[in-house]
Amino acid sequence: METRELGYFLAVARELHFGRAAESLGIAQPPLSRAISRLERRLGVTLLERTSRRVTLTPAGETLLAEGGAALEAVAAAVRRTRRAGDAGPRLVLAMKPGGDGGGLLPAMLAAYEREPGALPVEMLLGYGADRALREGRADAALLYTPRQDVTGLATEELLREPQVAVLPRGHRLAGRAEVSMADLDGEALPRAPYGRAGPDGLQISDGGQLMQLIALGRAVAILPASMRGLLREDLTAVPVRDADPTTLVLAWPETSRSRALAAFVRSTTTVAADFTASHLR
């Protein structure tokens with residue numbers, strides 16, 4: 001199967017319309033139709049049922065739609081990682097959201113890694129799509145919080161477990177409490193979905209700054225790892241949520257990686273995290 005043909009099929013499968021798919025791909029409709037027919041002959045199955053009025057997916061087409069997108073993303077990620085590995089100045093790219101290092105692990109992590117033989121320069125990729133950057137091949141490793149972020153298909157090492165807090169405006173009815181329960185937050189706008197998806201009132205939450213602004217305006221409440229308290233604006237406060245499941249900070253990387261530099265980074269990072277946890281338990 002050629003990746004180009006797979007991309008053509010995915011465009012049609014998502015649009016269920018050859019004309020719109022051709023337009024989105026920037027090609028004419030007849031070559032697109034021929035490419036889909038070649039793909040069906042190669043696979044020996046019918047992917048699309050076509051009539052003069054509609055296009056529908058067959059069971060085989062639904063399967064390829066579900067799995068083909070991940071396959072194309074994996075190929076694209078492999079290309080990016082290969083190109084970066086061949087750069088004249090190799091480096092290790094670590095993705096994380098701002099403040100997403102468990103309350104200060106990062107300096108010790110970087111210092112420990114620098115002492116490893118053959119350590120590469122570490123480039124930071126900061127943003128609220130660290131898991132996506134890792135899957136797309138733009139990063140070699142990422143600091144992620146589970147279960148909030150999906151680590152399916154990634155290798156992971158647990159670093160820290162943290163309680164969670166409710167981030168509230170200072171004038172909120174619960175702001176003075178020593179702790180709250182999830183039941184206390186019933187009726188509040190809790191944007192639990194990953195950033196970028198619909199938030200309260202249908203708003204698109206694109207980054208943490210926007211989320212904090214919504215909280216300050218009284219339009220949202222967020223449940224976040226306790227270590228985020230040190231990054232809050234002065235008009236916000238954090239109250240422990242006694243019955244919220246703890247969140248876990250993990251170091252994640254591609255399961256298929258064979259990088260010695262990355263292996264050294266994982267090793268040094270887990271040692272730092274273990275020492276950090278032990279010191280806070282004394």
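The opening position of the sequence shown corresponds to residue 1 in UniProt numbering, with each subsequent residue numbered one higher.
For every residue, glycine included, the Cβ atom is placed at its ideal position computed from N, Cα and C.
Here the structure is a predicted model, which is why all the values come from computation and not from measurement.
Alpha carbon to alpha carbon, how far is Arg41 from Tyr195? Give it in angstroms, no decimals. Caution applies to Tyr195, whose pLDDT of 49 falls short of 50 and renders its modelled position unreliable; the model cannot decide the point.
Below 8 Å between beta carbons: does that hold for Ala226 and Pro191? Taking 8 Å as the Cβ cut-off, Ala226 and Pro191 do not qualify as a contacting pair.
What would DSSP say about Leu232, mapped onto helix, strand or coil? In the structure shown, Leu232 sits in coil (DSSP, three-state: anything other than H, G, I, E or B).
On a Cα-Cα basis, can you pick out the residue from Ala77, Ala142, Ser24 that is closest to Pro262? Looking at the sequence provided, one finds Leu at residue 262 rather than Pro. Distance from the Cα of Leu262 is smallest, within the candidate group Ala77, Ala142, Ser24, for Ala142.
Inspect the CB distances between the region 236–243 and the region 119–137 and report whether three or more fall short of 8 Å. Too few Cβ pairs lie closer than 8 Å, so no.
Measure the beta-carbon distance from Ala76 to Gly137 and round it to whole angstroms, keeping in mind my assumption that it falls under 8 Å. With 8 Å as the limit, Ala76 and Gly137 qualify as a contact, their Cβ atoms being about 7 Å apart.
Counted within 10 angstroms of its Cβ, other Cβ atoms place Pro246 as buried (16 or more) or exposed: Here Pro246 is exposed, its C-beta having fewer than 16 other C-beta atoms within 10 Å.
On the three-state DSSP scale, how would you describe Thr58? The answer is coil: DSSP assigns Thr58 none of H, G, I, E or B.
With distances taken Cα to Cα, identify the nearest neighbour of Ala13 among Leu251, Arg219, Val55, Arg38. Of the listed residues, the one whose Cα sits closest to Ala13 is Val55.
Measuring only the C-alpha atoms, how far is Ala274 from Thr146? Going by the C-alpha atoms only, they are around 18 Å apart.
Is the number of C-beta pairs between the region 159–178 and the region 213–222 that are closer than 8 Å three or more? Verdict: yes, contact present.
I think Ala119 touches Ala264, with their Cβ atoms under 8 Å apart; what is that distance to the nearest whole Å? Right, the Cβ-Cβ distance comes to about 6 Å (below 8 Å), so this counts as a contact.
Grab the span of the beta strand (DSSP E) containing Tyr128 for me, first residue to last. Premise fails: Tyr128 is in no beta strand (DSSP E) and is neither H nor E.
Would you decide whether residue 351 is buried or exposed? Buried here means 16 or more other CB atoms lie within 10 Å of its CB. The chain is shown only over 1 to 282; residue 351 falls outside these bounds and no answer can be derived.
For Ala244, I'd like the list of residues in its chain whose CB is within less than 7 Å of its CB, leaving aside the five on either flank, ordered along the chain. Exclusion of the five residues before and after Ala244 leaves Gln164, Met182, Ile223 as the residues of its chain whose Cβ lies within less than 7 Å of its Cβ.
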